[in-house]
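Asker: Just so you know, numbering that gives the first Met the number 0 puts 98 at position 99 of the sequence shown, and the rest follows in order with no gaps.
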Amino acid sequence: MNLLSTILTAVITSGLVTTVLSWYLKSRELGDQRRWEIKREACLEALEIIDARFADYDWISDGTHPKVDAQDFVSTAKIRSCFNRLVLACNDSRVPQLFEKCLNLQISNKEPQPLDIGTVVELRNAIRKELGFGKNLSTEVSWIQYINWKHSKRHTKKRGA
Numbered sequence: 000m001n002l003l004s005t006i007l008t009a010v011i012t013s014g015l016v017t018t019v020l021s022w023y024l025k026s027r028e029l030g031d032q033r034r035w036e037i038k039r040e041a042c043l044e045a046l047e048i049i050d051a052r053f054a055d056y057d058w059i060s061d062g063t064h065p066k067v068d069a070q071d072f073v074s075t076a077k078i079r080s081c082f083n084r085l086v087l088a089c090n091d092s093r094v095p096q097l098f099e100k101c102l103n104l105q106i107s108n109k110e111p112q113p114l115d116i117g118t119v120v121e122l123r124n125a126i127r128k129e130l131g132f133g134k135n136l137s138t139e140v141s142w143i144q145y146i147n148w149k150h151s152k153r154h155t156k157k158r159g160a
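1) Considering only the alpha carbon of each residue, which of L20, W22 and C42 lies closest to V94?
2) My understanding is that T75 touches K100, with C-beta atoms under 8 Å, so please give their C-beta distance in whole angstroms.
3) Once you ignore the five residues that flank K156 on each side, which residues in its own chain have a CB closer than 7 Å to its CB?
4) Looking at the structure shown, is S107 part of a helix, part of a strand, or coil, going by DSSP?
5) Could you check which residue in I59, L102, D61 and S107 has the C-alpha nearest to that of K77?
6) If we require 4 or more residues per run, which alpha helix (DSSP H) segments fall completely within the stretch 72 to 122?
7) Given this structure, state the Cα-to-Cα distance separating Q70 from F53, to the nearest angstrom.
8) Among residues of its own chain, excluding the 5 on either side of I146, which ones have a beta-carbon nearer than 8 Å to its beta-carbon?
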């Protein structure tokens, strides 16, 4: 009877330990996944904000102002919220630092440096690294300024109605 009691105790104990350990690992995995999702959301929002900032910037190329498609305004509160989430969630400080640089902020009484369109590429690649998406990527253009649509937006709406 002692042997049976010992075996039953061992089976119950190992089952309980396995259940608790499994629950702990699953909880930790879900926490890590949620933290990654917060980081991902903040990084994607940062890129959307930079698109709006770049669309608003007074670009000059060869002495002329190139066409830039307008984009919706982003409030300072939304930008601050995104920045805070980047600072809290990112392991590498390059992501929030490049976000700052792309915003072309005026810090203290210093005039901001002219915005470099290539900085968004650095930001994207820092985000790729932060999210574990692999090596740096390059594209033909740094940022899409203008789309030469075949039909105007107004004409497209009429066609779709």
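Even glycine gets a Cβ: it sits at the ideal position worked out from N, Cα and C.
No experiment lies behind these values; they were computed from the predicted model shown.
Answerer: The relevant details are as follows:
1) The option with the nearest alpha carbon to V94 is C42.
2) About 17 Å; that fails the 8 Å criterion.
3) A caution first: K156 carries a pLDDT of 46, below 50, which makes its placement in the model unreliable, though a value can still be read off. Excluding sequence neighbours, K156 sits near nothing in its chain.
4) In the three-state reduction of the DSSP assignment, S107 falls in the coil class.
5) With distances taken between Cα atoms, K77 lies closest to L102.
6) Look at the stretch 72 to 122 and you find these whole runs of alpha helix (DSSP H), each 4 residues long or longer: 75 to 88 and 93 to 102.
7) Straight-line Cα distance between these residues: approximately 9 Å.
8) Apart from the 5 residues on each side of it in sequence, I146 sits with its Cβ closer than 8 Å to the Cβ of D68 in its chain, given in chain order.
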